[in-house]
Amino acid sequence: MTKFVKGNEAVVIGALYAGAEGYFGYPITPASEVAHKAAEYFPATGRVFVQGESEDAVAYMLYGAAAAGCRALTATSGPGFSLMQEAISYMSATDIPTVIVDVMRAGPGLGNVYPEQADYGQVVHGGGHGSYRCIVLAPGSVQEMCDLTMLAFEKAFEYRTPAIVLADGQLGQMMEPLHLPKEEAKPVDTSAWATQGTKETRRNLLTSIYLDAPAQEAMNVHLQEKYAKMDREFQRAELYRCEDAEAVLLAFGSSARTARSAVDALREQGVKAGLFRPITLSPFPIDALLPLADRKLWTVEMSAGQFRDDAVLHLAKAGKLAEVGLINRMGGMLIPVADIVRTVKEAM
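Right under this line is the structure:
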């Protein structure tokens, strides 16, 4: 079955098929339709919808629901995500799985409601306090707004960590056909760690405070071991026309759609171009990028170069000192295909 929906509605559909039991939200453009549709669909299917009084309240509602082993989610944009980061740090420290959707808008400050990708730093690198990070998935279509929300729930519970779907205002507001999932995800037994007020879970303890320094260090070591396991097991990327590419564009989200069109245009003009699209921003798919490190590389992004800097860092950590150019716009301005083509052709 196929529906013609906005990306924001596709998130809610994906959450329902993922078995989400509760939505806790505070509306903020350009993510508000996620809350609107959750308010419609969740009660209609016997699930919980609560509009909180603030993003802080919503984040701690997620914390409580997730601590009880429930599949819960929220959606917000940059200013709201900033307010949620204390609770995200707590959830990370207590091995609690939940899903947060960030539909990015222009910033900093209040900015405007047009699309940008400058939440990259605070989302990918764990903008709250302490040495933590989350799973971060970057959809590139309305279909992936649904599919990656489902995957976010799956991996959040597999690794017991918060998972974030990092979209942008263009993906959230655009409409495309959505092929509905074939079946709903099966329930997951959380009694081994959740606190559910039952005899079986009475001894489970979830806390992020350790007054003994060695115990605090042991908790941090445990988190880093978990992240290393994620790095080994869960890197995902899409490569488009990269086999013989001499110039490779690196892009995610809406920018990857523009970059893909630029690759086709460059090919038509005799330039062997390709596209590297990370689907997991955390873990960063360095294994797929390394074989391309000797090509001419550019990131295409709606930020000041946060993604570019991360690509350079991951390549350097893997032993490849690569120069990566930047093709960007900010403030809610989309990147024209012609600008990408011109920049690459001039360099080549």
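Counting in my numbering, the sequence shown runs from 3 upward without gaps. Backbone N, C-alpha and C fix where the C-beta goes; we use that ideal spot for every residue, glycine too.
The beta carbon of Tyr19 sits closer than 7 Å to those of Met152, Pro183, Glu186 and Ala187, all from its chain and outside the five residues before and after it, given in chain order. Between the stretch 61-70 and the stretch 123-135, the count of Cβ pairs shorter than 8 Å is below three; the stretches do not touch. In this structure Ala247 is in contact with Gly276, their Cβ atoms being roughly 3 Å apart against a cut-off of 8 Å.
Here Phe6 is exposed. Its C-beta has fewer than 16 other C-beta atoms within 10 Å. Distances from the CA of Val190 to each of Val14, Gly48, Gly9 and Ala22 were compared; the closest alpha carbon is that of Ala22.
Checking the DSSP bridge columns, you'll see Ala108 partnered with Asn114. If the five residues before and after Met335 are omitted, its C-beta is found closer than 8 Å to the C-beta atoms of Tyr116 and Met304, all from its own chain and listed in chain order.
In this model, Ser34 and Thr78 are separated by some 8 Å (Cα to Cα). Under the 10 Å beta carbon count, Pro338 is surrounded by fewer than 16 other beta carbons and is classified as exposed. The way I'd put it, the stretch 40-47 doesn't touch the stretch 93-106; fewer than three beta-carbon pairs between them come closer than 8 Å.
One thing to note: Val223 has its Cβ no nearer than 7 Å to the Cβ of Ser257.
In the three-state reduction of the DSSP assignment, Phe286 falls in the coil class, being assigned neither a helical nor a strand state. Pairwise C-beta distances place the stretch 283-292 in contact with the stretch 315-326, as three or more of them are shorter than 8 Å.
Annotated as distal: Pro29 and Gly171, with beta-carbon spacing of 7 Å or more.
Counting other Cβ atoms within 10 Å of its Cβ, Gln271 stays below 16 and is therefore classed as exposed.
In the displayed model, Phe254 falls within coil according to three-state DSSP, outside both helix and strand.
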